[in-house]
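Residue numbers (the working numbering): 9 to 242. For every residue, glycine included, the Cβ atom is placed at its ideal position computed from N, Cα and C. Following: one structure in structure tokens, then a few remarks.
Spelled out as structure tokens, the structure:
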């Protein structure tokens, strides 16, 4: 692949489709089979197996709270994790967003914000990353929580209101907008209207499809001037 990828995700979100009944993992310092619900981290493990762990840097760690860090410490930590990466994959899951906390109190918005910045890093400059959203099925095995198909209009609705603001603001943000109308709704007709493109997990993981989608995210990033990109947290 030749690209280093940063993966941003909500570690313990269990609002996802079940992968298996038990997981071989460390419990109380002993490796054993543990019966528990599937977490987003289990999907990330599959992603590492697919792409290769040497090509991936991971975001949130188990039990790592932003309460333990100042803004400056968060910046330093993200420099270490993201600066060598040119692509960020955001795992979009139903429970990724903690509504009781602000965006600045959660890892994913910080990771997206830093990924989108151009930052000097001691002799080198970290360029803007390409960013791709990979949507996971929910606990019912459905993508309807995020995507709704509209056969009459040959379109798909993205329920971006459930997402972090920095993620939502970088979707459907192409500057030169073109629409068609159907049943009273305006529908984007540009091939890639979003700077942060999304794809279903199942489509992303089939064969070598992941390369195609990552290449498309890079192509969009190279055309960044066509988009109204938001990089700051609110």
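{"query": "Would you kindly report the start and end of the unbroken beta strand (DSSP E) that includes residue 13?", "result": "13-16"}
{"query": "Give a yes or no on contact between the segment 28-41 and the segment 127-145, applying the rule of three or more CB pairs nearer than 8 Å.", "result": "no"}
{"query": "Closer than 8 Å is the cut-off here; do at least three beta carbon pairs connect the segment 146-166 with the segment 189-201?", "result": "yes"}
{"query": "Alpha carbon to alpha carbon, how far is residue 153 from residue 210?", "result": "15 Å"}
{"query": "Under the assumption that residue 202 contacts residue 179 (Cβ atoms under 8 Å), give the Cβ distance between them as a whole number of angstroms.", "result": "4 Å"}
{"query": "With residue 153 as the anchor, note down where its beta strand (DSSP E) starts and where it stops.", "result": "Residue 153 -> no beta strand (DSSP E), and no H or E assigned at all."}
{"query": "Which same chain residues, not among the five before or five after residue 50, have their C-beta less than 7 Å away from its C-beta?", "result": "27, 31"}
{"query": "Helix, strand or coil for residue 198, going by three-state DSSP, please let me know.", "result": "coil"}
{"query": "Going by other Cβ atoms of all chains shown within 10 Å of its Cβ, with 16 needed for buried, is residue 99 buried or exposed?", "result": "buried"}
{"query": "Decide if residue 57 is buried, meaning its Cβ has at least 16 other Cβ atoms within 10 Å, or exposed.", "result": "exposed"}
{"query": "Tell me whether the beta-carbon of residue 65 lies closer than 9 Å to the beta-carbon of residue 90.", "result": "yes"}
{"query": "How long is the line joining the alpha carbons of residue 112 and residue 60, rounded to whole angstroms?", "result": "30 Å"}
{"query": "For residue 34 and residue 128, what's the separation of their Cα atoms in angstroms?", "result": "38 Å"}
{"query": "Between which two residues does the alpha helix (DSSP H) containing residue 8 stretch?", "result": "One cannot answer for residue 8 here, as it falls past the ends of the chain, which runs 9 to 242."}
{"query": "Take residue 116 as the anchor and find which of 95, 85, 172 has the nearest alpha-carbon.", "result": "172"}
{"query": "Which word fits residue 121, buried or exposed, when buried means at least 16 other C-beta atoms lie within 10 angstroms of its C-beta?", "result": "buried"}
{"query": "What residues in its chain sit with their C-beta under 8 Å from that of residue 205, if we drop five residues either side in the sequence?", "result": "140, 141, 221, 224, 225, 228"}
{"query": "Could you please give the first and the last residue of the uninterrupted beta strand (DSSP E) stretch that includes residue 205?", "result": "205-208"}
{"query": "Around the Cβ of residue 188, are there at least 16 other Cβ atoms within 10 angstroms (buried) or fewer (exposed)?", "result": "exposed"}
{"query": "Does the Cβ-Cβ distance between residue 13 and residue 96 come in under 9 Å?", "result": "yes"}
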